[in-house]
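Visitor: Under mature numbering (1 follows the signal peptide of the UniProt record, and there is no 0), the residues of the sequence shown are numbered -18 to -1, 1 to 442, in order.
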Amino acid sequence: MRWCPSLLLFGFLAAVNALSSSGNRLLVVLEEATEKALYSTLWGDLESRGYNLIFESPKSDKLSLFDLGERAYDHVLLLPPKSKGFGPSLSPKNLVDFLNKDGNILLALSGTSTTPSAVSSLLLEFDLHLSTDRSSVAVDHFNYDTLSASEKHDVLLLERPGKLRPDTKDFFGGKGVLALPNSSPHTLGDNSLLAPILRAPVTAYSYNPKEEVGSVEEVFATGSQLALASTMQARNSARFTLLGSVESLQDKWFSATVKAPGGKDAETANREFAKQLTAWTFKETGVLKVGNIEHHLAKDDLTPEDLNPSIYRIKNETVFSIEISEYSYDGFVPFEVPANDELQLEFTMLSPFHRLNLQPIKTTENSTTFGTQFTVPDQHGIFSFRVNYKRPFLTSIEEKHEVTVRHYAHNEYPRSWKISGGWVWIAGLWSVIAGFLAFVIIWLYSAPTSAAAVKSKKTQ
């Protein structure tokens, strides 16, 4: 039985490696316990990735996001409530405080019930907007499932999302079709921290099924104005994700067969998308970590004392390097900058004197080292090596290291004869000296004329 401790240790290490980079305590807020079985595949997938699921009702008296001022959970998954809200323990203020404490939240809604005003108030904190009636459903008469929504057209079929921008990473892409039944759409405000994951098709629109046909005077939003899944990454890199269709996480839609108008039968990719969505929200992906940062003079045979000096001289050749890793599901891997993006170094005082692209110079099993070389500007003062890298879906990097830049010391200036531009002036100086000496020599050793000598005697 000697192998038993080794087996237990291996199992423990495997469980640890599967954890999120920010913890494994996941609170699932579910109002009706009977609905838990509808999402059994989702719970199983989360547990297989190392999460410790704690199920609580919003009506529970012992429910609290904090314990002695610290987070009681690392992540929160909120399913849509049936009542007027999530209760006092999950008020908008408490949820915002949870984000400020580096917690992560995934909120799922449904168009089958009216969204409580408390939830709408929470979304307004992040500049996410629901329709005024909070009961709208996304409908599309061209991209719907003909097998399950042949009349209402409220089961939208969408392709997997691609990159948000050419300079961003793709965390939610792939092959397959997504089925989003009863989606509660929303729109994004001007908050620069927001990023859409799933946009509605251009032919979709927001519709309140409780209103009578013909009584609708103005539609909330249409087409790609509507978002079905969006994210907000705070400045402390805490993550909030809003999913408009909680039904898309149910077991029956993880392996459902759907058919678009005029298309063929296809199996949904909801399960893989749910994995990507929860992995990103709970910081299994897109997490950057800064390792070693070095700056030094550009010279060979460096010693430990030469690294990261506190003072430089103007016009020094300087080398800067930074080590960055990216967390991906179960461990850190080398970070790769997207093809159309650049990781940059700023050498700045009040404003950047240099803004340089950092190039990969070394790659290890779990990190990439980026570096560059530059000349310190001809300006003395307090400067900073600054790396400020903030992109959608990636945690922020903001590193700042201050150094002093001084002028030349009195014995560090180059000698005048080493400066080719000064040769003219040096030649002029020595020519004046030589001319003066020649004049003195000629004057001293030149004999006076005889007439001058006679005149001198008469004067005497």
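We put the CB at the ideal spot given by N, CA and C, even for glycine.
Relative to the C-alpha of V315, which residue among T213, T94, G273 is closest?
Guide: Here residue 315 is taken as the residue at index 333 of the sequence shown, counted from 1. The residue with the shortest Cα to Cα distance from V315 is G273.
Visitor: Do the CB positions of D127 and V240 come within less than 7 Å of each other?
Guide: One-based indexing of the sequence shown puts residue 127 at position 145. One-based indexing of the sequence shown puts residue 240 at position 258. For D127 and V240, yes; Cβs fall inside 7 Å.
Visitor: Does L112 come within less than 7 Å of chain C when only Cβ atoms are used?
Guide: Of the chains in the structure shown, none is chain C; there is only one protein chain.
Visitor: To which residues of the same chain is K18 closer than 7 Å at the C-beta, ignoring the five residues directly before and after it?
Guide: For the purposes of this step, residue 18 is taken as residue 36 along the sequence shown, with counting starting at 1. Same-chain partners within the cutoff: L12, F37.
Visitor: Grab me the residues of I293's own chain with a C-beta within less than 8 Å of its C-beta, minus the 5 sequence neighbours each way, in chain order.
Guide: Looking up residue 293 in the sequence shown gives position 311. Closer than 8 Å at the Cβ level, and outside the excluded window around I293, lie V385, T386, V387, R388.
Visitor: Name the two residues that bound the continuous beta strand (DSSP E) containing N34.
Guide: Numbered from 1 along the sequence shown, position 52 holds the residue referred to as residue 34. Start and end: 34 to 38.
Visitor: Are the Cβ atoms of L88 and A220 separated by less than 7 Å?
Guide: Start at 1 with the first residue of the sequence shown, and residue 88 comes out as number 106. Start at 1 with the first residue of the sequence shown, and residue 220 comes out as number 238. For L88 and A220, no; Cβs fall outside 7 Å.
Visitor: Since S42 and A54 are thought to touch, with beta carbons under 8 Å apart, how far apart are those beta carbons, to the nearest angstrom?
Guide: Start at 1 with the first residue of the sequence shown, and residue 42 comes out as number 60. Start at 1 with the first residue of the sequence shown, and residue 54 comes out as number 72. Incorrect: roughly 13 Å between the Cβ atoms, too far for contact.
Visitor: Roughly how many angstroms lie between the CA atoms of N322 and R368, to the nearest whole one?
Guide: Taking the sequence shown and counting its residues from 1, one reaches residue 322 at position 340. Taking the sequence shown and counting its residues from 1, one reaches residue 368 at position 386. Computed Cα separation, rounded: 21 Å.
Visitor: On the DSSP bridge list, what partners appear for K176?
Guide: Position 194 of the sequence shown, counted from the first residue, corresponds to residue 176. The residue you asked about is not Lys; residue 176 is Leu in the sequence shown. M214.
Visitor: Give the straight-line distance between the Cα atoms of P167 and S206, rounded to the nearest whole angstrom.
Guide: One-based indexing of the sequence shown puts residue 167 at position 185. One-based indexing of the sequence shown puts residue 206 at position 224. Each residue's alpha carbon lies about 11 Å from the other.
Visitor: DSSP on G353, reduced to helix/strand/coil?
Guide: The residue labelled residue 353 in the question sits at position 371 within the sequence shown. In this structure, G353 counts as strand in the three-state DSSP scheme.
Visitor: Which one of N34, Q215, R295, S212 has the shortest CA to CA distance from H392?
Guide: Residue numbering aside, residue 392 sits at position 410 when the sequence shown is read from its first letter. Comparing Cα positions, the closest option is R295.
Visitor: Per DSSP, what kind of secondary structure is G363 in: helix, strand or coil?
Guide: Sequence index remark: in the sequence shown, residue 363 carries index 381 (1-based). Strand at G363.
Visitor: Can you tell me the Cα-Cα spacing of H278 and P286, whole angstroms?
Guide: Start at 1 with the first residue of the sequence shown, and residue 278 comes out as number 296. Start at 1 with the first residue of the sequence shown, and residue 286 comes out as number 304. If I take the Cα positions, the gap works out to 10 Å.
Visitor: Classify D247 as buried or exposed, calling it buried when 16 or more other Cβ atoms lie within 10 Å of its own Cβ.
Guide: Along the sequence shown, one-based indexing puts residue 247 at 265. Exposed, because fewer than 16 other Cβ atoms sit within 10 Å of the Cβ of D247.
Visitor: For F329 versus T350, is the C-beta spacing smaller than 7 Å?
Guide: The residue given as residue 329 occupies position 347 in the sequence shown. The residue given as residue 350 occupies position 368 in the sequence shown. The answer is no: Cβ separation not under 7 Å.
Visitor: Nearest to L139 by alpha carbon, out of F153, A120, L146, T150?
Guide: Taking the first residue of the sequence shown as position 1, residue 139 is located at position 157. Answer by Cα proximity: A120.
Visitor: Could you pull the start and end residues of the beta strand (DSSP E) that N82 belongs to?
Guide: One-based indexing of the sequence shown puts residue 82 at position 100. No beta strand (DSSP E) contains N82, which is instead part of the alpha helix (DSSP H) from 74 to 82.
Visitor: Tell me, which residues are paired with F329 by DSSP?
Guide: One-based indexing of the sequence shown puts residue 329 at position 347. Answer is H336, F367, bridged to F329.
Visitor: Please identify the residue among Q326, T223, T96 whose C-alpha is closest to the C-alpha of G85.
Guide: Position 103 of the sequence shown holds residue 85. G85 has its Cα closest to that of T223, out of Q326, T223, T96.
Visitor: Would DSSP call S303 helix, strand or coil?
Guide: As a working note, residue 303 is residue 321 in the sequence shown. S303: strand per DSSP, three-state reduction.
Visitor: Quick one: is S(-13) buried, meaning 16 or more other Cβ sit within 10 Å of its Cβ, or exposed?
Guide: The count along the sequence shown starts at 1 and reaches residue -13 at position 6. No answer about S(-13) holds up, because its pLDDT of 42 lies below 50 and its placement is not dependable.
Visitor: Evaluate N(-2) with the Cβ neighbour count: other Cβ atoms within 10 Å of its Cβ, from every protein chain shown; 16 or more gives buried, anything less gives exposed.
Guide: Counting from one through the sequence shown, the residue named residue -2 turns up at place 17. Residue placement at N(-2) cannot be trusted, given a pLDDT of 47 that sits under 50; what the coordinates show is reported in the next sentence. N(-2) should be labelled exposed.
Visitor: To the nearest angstrom, report how far apart A177 and D49 are at their CA atoms.
Guide: In the sequence shown, the residue the question calls residue 177 occupies position 195. In the sequence shown, the residue the question calls residue 49 occupies position 67. The alpha-carbon atoms of A177 and D49 are separated by roughly 31 Å.
Visitor: In whole angstroms, what is the alpha-carbon distance linking F418 and V406?
Guide: On the sequence shown, position 436 is the one that residue 418 refers to. On the sequence shown, position 424 is the one that residue 406 refers to. Distance between the alpha carbons of F418 and V406 is about 18 Å.
Visitor: Is it a yes or a no for the region 343 to 359 touching the region 299 to 313, going by three-plus beta-carbon pairs under 8 Å?
Guide: Short answer: they touch.
Visitor: Let me check understanding here. Comparing Cα to Cα, which of L338, P191, T97, P374 lies closest to H135?
Guide: For the purposes of this step, residue 135 is taken as the residue at position 153 of the sequence shown. When each option's Cα is compared against that of H135, the closest is P191.
Visitor: Buried or exposed: where does L265 fall if 16 or more other Cβ atoms within 10 Å of its Cβ makes it buried?
Guide: The residue you call residue 265 lines up with position 283 of the sequence shown. Here the sequence assigns Lys to residue 265, which means Leu is not the residue at that position. Classification for K265: buried.
Visitor: Between the Cα of D56 and those of S4, L112, Y189, spot the shortest distance and give me the residue it belongs to.
Guide: Position 74 of the sequence shown holds residue 56. The shortest Cα separation from D56 among S4, L112, Y189 belongs to S4.
Visitor: Can you list the beta strand (DSSP E) stretches of 3 or more residues lying completely in the region 65 to 136, in chain order?
Guide: Complete beta strand (DSSP E) runs here, min 3: 86 to 90, 119 to 122.
Visitor: Spatial neighbours of H383 within its chain, please: CB distance less than 6 Å, with the 5 preceding and 5 following residues excluded, ordered by chain position.
Guide: In the sequence shown, residue 383 corresponds to position 401, counting from 1. Closer than 6 Å at the Cβ level, and outside the excluded window around H383, lie F367.
Visitor: Using only the alpha-carbon positions, how far apart do Y309 and K83 sit?
Guide: As a position in the sequence shown, residue 309 is number 327, starting the count at 1. As a position in the sequence shown, residue 83 is number 101, starting the count at 1. Distance between the alpha carbons of Y309 and K83: 20 Å.
Visitor: Which whole-angstrom value describes the C-beta separation of A161 and S65, a residue pair presumed to lie in contact below a C-beta threshold of 8 Å?
Guide: Taking the sequence shown and counting its residues from 1, one reaches residue 161 at position 179. Taking the sequence shown and counting its residues from 1, one reaches residue 65 at position 83. So it is not a contact: roughly 28 Å between Cβ atoms.
Visitor: With DSSP run on the structure shown, which of helix, strand or coil describes P286?
Guide: Within the sequence shown, the letter at position 304 stands for residue 286. DSSP places P286 in helix when its eight states are reduced to three.
Visitor: Does DSSP put L8 in a helix, a strand or coil?
Guide: One-based indexing of the sequence shown puts residue 8 at position 26. If DSSP states are grouped into helix, strand and coil, L8 belongs with the strands.
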